[in-house]
Amino acid sequence: MAAKGTAPASTAAAAEPAGSAAPTAAASSVTAEMLQIVQDHSSYVWALLGGILVFNMQAGFAMLELGVCRAKNSINVLMKNYLDFCIGSIVYLLIGFNIQFGSSWMGILGLDSTWLPNFGAEHKVWVFWFFQVGFASVACTIVSGAIAERTKFMGYLIYSALFTVLIYPITGHWAWGGAGGSWGMAGDKGWLEAMGFIDFAGSSVVHACGGACALAGVIVVGPRVGRFAKDGTPRIIAGHNLPLAALGALLLWFGWFGFNAGSTLAANDAMGRIAVNTLISPSAGAVFAMIAMWLAQGKSDVGIAINGSLGGAVGITACCANISPASALVVGAVAGLLTTGATILLERLRLDDVAGAVPVHLVNGLWGTLSVALFDEKGFDAGRLGVQALGTFSVAAFSFVAGFAIFKLIDLTVGLRASEEEQLDGLDFSEHAVNAYPDFQTSERA
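Using my numbering, read the sequence shown as starting at 15 and increasing by one per residue.
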């Protein structure tokens, strides 16, 4: 017998008006649809916020490079960092984006179209493009700091355009081509992605790619006038504003939370882990880089501490979503040691990398990509490590060869290296006819 105040199930069912099940189902469908809309738009907002934070990294690169360069090259540094973003955004819109995310040709590059994304197809393509253009710009501007103070402005701008069309989109397609599938693009996987290669936010695609091009540029353009004595002994050329360089590094670190956590492209549970790892790894990188330099040269160097933190950030970028905070600490510590060691090695090889782009981005881009397999919470997998090694070294090798060819071509045509006289006067004067600090004498020829 049914309890008082309730009807037996059969009686209650009989008492329901005909057709009541249909409205209930319809209401459930509407509710589910509304929830999906809210979830989708939350993801759009998160991706846009991530893109804005990544855009902020451009200011960080400019301040960092400005601080480690001499005052007489300040305007040149700012112009390079400003214009490489502007030019890169245009060519990425016109050509690069579709090469990266268009219908795949043999897993190598997208050939859907080479002229403008189809923004009219789905509005979410706009969000996806906005997020991705920041990554292209970060990869491009890595080179600026490496070849600072002796590179012709026009030659650098030509490199920026060619890199954002020919190098970054191709390596990006290899690893991330399928990522555009849920954002209105073709969704075809590149050859590395099809093998199971993982580079969550770009240790290889962005940083090893840009770092390899930086190494190529350093080799082609040669060292600054006065950087090495005739017998090869290195000479210190101090930057004019190290506090500004530290501020630039902090701006980069701030933007990295959008770079890494924003790469979820969705408001989900992974964001917290990624943010924590993006805090821990750079912290460890700074501490261990400083300790290593202390032991090697008996001093705590502010520049190496800054670059150690950036090396830790690069190292965690590929693996931030699949390792624990404890592992992130190890990744950052090793990154700091690698940054210090690679910096010392470059100097012994007489390679003049002003901002330390090669140790920070190339070396730790390789390390971070391997860390995906070494520290995966699901356990170590030798097969995975092999795929990761193949992927990261393929990206670095292609980027180096292509970058070297581009820099050589520029050098043989419009010219890449500023003359000795131009370097002594400062590129602010020779390239832009202006002095960043008119109340002070900045030229070495006065």
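The beta carbon of each residue, even a glycine, is placed where N, CA and C say it ideally should be.
Bear in mind the structure is a predicted one, so any value in this text is a computation, not a measurement.
CA-CA distance, phenylalanine 111 to proline 131, rounds to 7 Å.
Three or more Cβ pairs drawn from the region 370-387 and the region 344-358 lie within less than 8 Å of each other, which places the two stretches in contact.
Distance from the Cα of asparagine 282 is smallest, within the candidate group Ser43, Thr38, Ala61, Glu47, for Ala61.
Check the Cα spacing between serine 385 and each of Leu343, Thr354, Leu360, Gly417: the tightest is with Leu343.
DSSP, reduced to helix, strand and coil, places glycine 124 within a strand of the structure shown. Within its own chain, the residues whose Cβ lies closer than 6 Å to the Cβ of histidine 221, once the five positions on either side in sequence are excluded, are Val328, His375, Gly379, listed in chain order. The alpha carbon of glutamine 146 has as its nearest neighbour, out of Tyr106, Gly210, Thr155, the alpha carbon of Tyr106. Glycine 102 and isoleucine 161 have their C-alpha atoms some 18 Å from each other.
Note on geometry: alpha-carbon atoms of serine 218 and tryptophan 143 lie some 20 Å from one another. Proline 183 carries a helical assignment under DSSP once its states are collapsed to helix, strand and coil.
Taking alanine 387 as reference, the option from Thr155, Ala208, Phe214, His446 with the minimal CA-CA separation is Phe214. Take tryptophan 270, set aside five residues on each side of it, and the residues of its chain with a beta-carbon closer than 6 Å to its own are Thr292, Ala327, in chain order. Around the beta-carbon of glutamate 207, 16 or more other beta-carbon atoms lie within 10 Å, marking it buried.
Scanning Ile184, Ala280, Asp453 for the CA closest to the CA of glycine 65 turns up Ala280. Counting along the chain, the unbroken alpha helix (DSSP H) around tryptophan 143 starts and ends at 138-160. Bridge partners of threonine 165 according to DSSP: Arg431.
The DSSP-derived three-state label of phenylalanine 242 is strand. By the criterion of at least three beta-carbon pairs nearer than 8 Å, the region 246-263 is not in contact with the region 437-444.
Minimum Cα-Cα distance from valine 179 among the listed residues Ala432, Leu258, Ser413, Cys334 corresponds to Ser413. With a cut-off of 8 Å on Cβ pairs, the region 352-366 is in contact with the region 228-247, counting three or more such pairs. Judged by DSSP in its simplified three-state form, proline 131 adopts coil rather than helix or strand. Within the model, the alpha-carbon separation for tryptophan 140 versus glycine 198 is close to 9 Å.
Counting only the Cα atoms, alanine 275 lies some 27 Å from alanine 46. If you keep only unbroken alpha helix (DSSP H) runs of at least 4 residues inside the region 244-327, you get 256-275, 284-311. With a beta-carbon spacing of about 5 Å, glycine 121 and glycine 204 fall inside the 8 Å limit used to define contacts. Three or more beta-carbon pairs drawn from the region 68-87 and the region 261-270 are found closer than 8 Å, and the two stretches are therefore classed as touching. With 16 or more other CB atoms across the displayed protein chains lying within 10 angstroms of its CB, phenylalanine 421 is buried. Under the DSSP definition of a beta bridge, serine 444 lacks any partner.
The beta carbon of arginine 84 sits closer than 6 Å to the beta carbons of His254 from its chain, once the five residues preceding and following it are set aside; these are given in chain order. The three-state secondary structure of serine 118, taken from DSSP, is strand.
Distances from the CA of alanine 153 to each of Ser117, Pro183, Leu125 were compared; the closest alpha carbon is that of Pro183. In this structure, isoleucine 109 keeps its C-beta atom at 8 Å or more from the C-beta atom of leucine 123.
By the neighbour-count criterion, in which a residue is buried when 16 or more other Cβ atoms sit within 10 angstroms of its Cβ, cysteine 334 is buried. In the displayed model, aspartate 439 falls within a helix according to three-state DSSP. Ranked by how close their Cα comes to the Cα of leucine 97, the residues Phe75, Ser118, Lys86 have Phe75 in first place. A distance of 8 Å or more separates the beta carbons of glycine 210 and glycine 201.
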